[in-house]
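Worksheet: the structure to be examined is printed underneath.
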Amino acid sequence: MDEKIKWGVLGTATIAVEQMISALFKSRYATVRAIASRKADRAEAVSKKFNIPTYYGSYQELLENADIQAVYIPLPNHLHVEWAIKALNAGKHVLVEKPIALSVVEARRLMEASKKHSELKVMEGFMYRFHPQWTKAKRLVEAGEIGKLRMVQSSFSFYDDHPDSIVNSKAYGGGSLMDIGCYSISIARYLFGTEPTYVMANIENHPGFEVDVLASGILEFDEGVSTFFCATQLAEDQQAHIYGTKGRISFEFPFNPPKDRSAKIWFTGKENTEQIKLDPCDQYTLQADAFAHAILGNTEVPTAISDGVNNMKVIEKLRESYEIGKRIGMNEPGQ
Numbered sequence: 005m006d007e008k009i010k011w012g013v014l015g016t017a018t019i020a021v022e023q024m025i026s027a028l029f030k031s032r033y034a035t036v037r038a039i040a041s042r043k044a045d046r047a048e049a050v051s052k053k054f055n056i057p058t059y060y061g062s063y064q065e066l067l068e069n070a071d072i073q074a075v076y077i078p079l080p081n082h083l084h085v086e087w088a089i090k091a092l093n094a095g096k097h098v099l100v101e102k103p104i105a106l107s108v109v110e111a112r113r114l115m116e117a118s119k120k121h122s123e124l125k126v127m128e129g130f131m132y133r134f135h136p137q138w139t140k141a142k143r144l145v146e147a148g149e150i151g152k153l154r155m156v157q158s159s160f161s162f163y164d165d166h167p168d169s170i171v172n173s174k175a176y177g178g179g180s181l182m183d184i185g186c187y188s189i190s191i192a193r194y195l196f197g198t199e200p201t202y203v204m205a206n207i208e209n210h211p212g213f214e215v216d217v218l219a220s221g222i223l224e225f226d227e228g229v230s231t232f233f234c235a236t237q238l239a240e241d242q243q244a245h246i247y248g249t250k251g252r253i254s255f256e257f258p259f260n261p262p263k264d265r266s267a268k269i270w271f272t273g274k275e276n277t278e279q280i281k282l283d284p285c286d287q288y289t290l291q292a293d294a295f296a297h298a299i300l301g302n303t304e305v306p307t308a309i310s311d312g313v314n315n316m317k318v319i320e321k322l323r324e325s326y327e328i329g330k331r332i333g334m335n336e337p338g339q
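Everything in the sequence shown is counted per the numbering used here, starting at 5 for the first residue and increasing by one.
Laid out in structure tokens, this is it:
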């Protein structure tokens, strides 16, 4: 595979500028050919920073560039589905940031659109799944090294009370569950390899922003449980612990480990604790590589779009659980 996918980036969000654009340039199978923003001067500034050949003052202009084969969408959550579908209609492969949509209905609309363009690849960007620390943890679980998986505990938090922040915008699909709680939901589903049967949540909404700033949840699976909390107005932290009947696994930085040094996880069995170091890597680059492999080899993407639909369904059911004040079945009809 010597071919490189020609990428365009729809938006100049922080995740694109600080993570994904440089990750794409480091990929063996990618080159960034265009950047777009609603403000041409912003697109120009980013193009100069990364030496991207072409910039546009609108997203549609980029999609009309016939040279672009794939687009990365780091736009605010409420624009994910709209521009993903427009990209598909323009003949582009699509990598869209998590969460994939504002709702299950929206996510399913994108899934149906993707079926009409079966020659194109669409994937939700949960980059953590491509880091070796998670593939290692998943293998340990599947090999029975911790016995039977029974419990996953996780948390993700940071502090942002700025009224203009996207995470604090109801219209843009902000809130802690959408921004970072989606990771805890995703890792539980990834590790158990199935969907939860029941969920329950407690949520604290900001009176001014009208988005959740603190949420805790319980996901019940057929053979275990996941508990988590997420917050956008707590001290910055991230944790993940995996418990089985014979051992456990813990992470130093579960969701955004450093790129310039080894990632660390700890595997504890019956007799001792082993520190496992994973070589330094950029999980965003690994994600781009995996997506490119699917395009170049015309194979299925590593994470099907249905996974994004199901993650969104859990978020919605957690909200519903809080609203009605009780544990709720995932297959119960919406209130």
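Virtual Cβ for every residue (Gly too), placed ideally from N, Cα, C.
For the set Ile207, Arg154, Val145 and Phe259, the Cα lying nearest the Cα of serine 190 is the one of Phe259. Between asparagine 69 and valine 313, the alpha-carbon positions lie close to 29 Å from each other. Judged by beta-carbon spacing, valine 109 lies beyond the 9 Å limit of lysine 96, meaning their Cβ atoms are not closer than that value. Checking the DSSP bridge columns, you'll see glutamine 243 partnered with Ser159. By a beta-carbon distance limit of 8 Å, threonine 249 does not contact phenylalanine 162. Their separation comes to about 34 Å.
About 5 Å separates the Cβ atoms of phenylalanine 54 and isoleucine 25, confirming a contact at the 8 Å cut-off.
When the Cα atoms are used, leucine 223 and tyrosine 247 turn out to be separated by approximately 15 Å.
Of Leu282, Ser118 and Thr139, the smallest CA-CA separation from alanine 267 is found for Leu282. In this structure glutamine 64 is exposed. Its beta-carbon is surrounded by fewer than 16 other beta-carbon atoms within 10 angstroms. About 5 Å separates the beta carbons of valine 36 and isoleucine 56, which is inside the 8 Å limit, making them a contact pair. In the DSSP annotation of this structure, the continuous segment of the alpha helix (DSSP H) that includes isoleucine 189 starts and ends at 186-196.
The alpha helix (DSSP H) runs of length 4 or more contained entirely in the segment 35-109 are, from start to end of the chain, 44-54, 63-67 and 84-93. In the DSSP assignment, alanine 235 forms a beta bridge with Ser161 and Leu218. When DSSP states are grouped into helix, strand and coil, glycine 15 belongs to the coil group. One alpha carbon belongs to proline 78, the other to alanine 17, and they sit about 6 Å apart. Residue pairing of glutamine 279 in beta bridges, as defined by DSSP: Trp270. Annotation for leucine 218: Glu208 and Ala235 place their beta carbon closer than 6 Å to its own, counting only its chain and skipping 5 residues before and after.
DSSP, reduced to helix, strand and coil, places isoleucine 9 within a strand of the structure shown. Linking phenylalanine 196 to tryptophan 270 through their CA atoms gives a straight-line distance of about 19 Å. Look at leucine 124 here: in three-state DSSP terms it is coil, with no helix or strand label.
Here DSSP, grouped into helix, strand and coil, assigns alanine 147 to coil.
Beta bridge pairing from DSSP links tyrosine 202 with Glu224 and Gly333.
By the criterion of a C-beta distance shorter than 8 Å, tyrosine 33 is surrounded in its chain by Met5, Glu7, Lys8, Ile9, Ala292, Asp293, Ala296, His297 and Leu300, once the five residues flanking it on both sides are discounted.
Burial check for aspartate 264: the Cβ neighbour count within 10 Å stays below 16, so the residue is exposed. Glutamate 199 and serine 188 have their C-alpha atoms some 13 Å from each other.
Judged by their CB atoms, serine 230 and valine 156 are nearer to each other than the 9 Å cut-off. For serine 325, the secondary structure class from DSSP, reduced to helix, strand or coil, is helix.
Proline 103 places its beta carbon less than 9 Å from that of glycine 177. Here alanine 205 has Ala219, Ser220, Gly221, Ile222, Leu322, Arg323, Ser325 and Tyr326 as same chain residues with Cβ atoms under 8 Å from its own Cβ, once five neighbours each way along the sequence are excluded.
Per DSSP, the continuous beta strand (DSSP E) segment holding isoleucine 253 begins and ends at 252-255. With respect to tyrosine 60, isoleucine 89 sits apart: the two C-beta atoms are not nearer than 9 Å. As DSSP reads the structure, leucine 153 sits in a beta bridge with Gly248. If you look at glutamine 287, you'll find it in the alpha helix (DSSP H) that goes 287-301. Residue Met131 holds the alpha-carbon nearest to the alpha-carbon of cysteine 285 among Gly151, Met131 and Pro211. Using a 10 angstroms sphere on the CB of asparagine 172, the tally of other CB atoms reaches 16 or more, which defines it as buried. Comparing C-alpha distances from tryptophan 11 to each of Leu28, Glu22 and Arg113 shows the shortest one belongs to Leu28.
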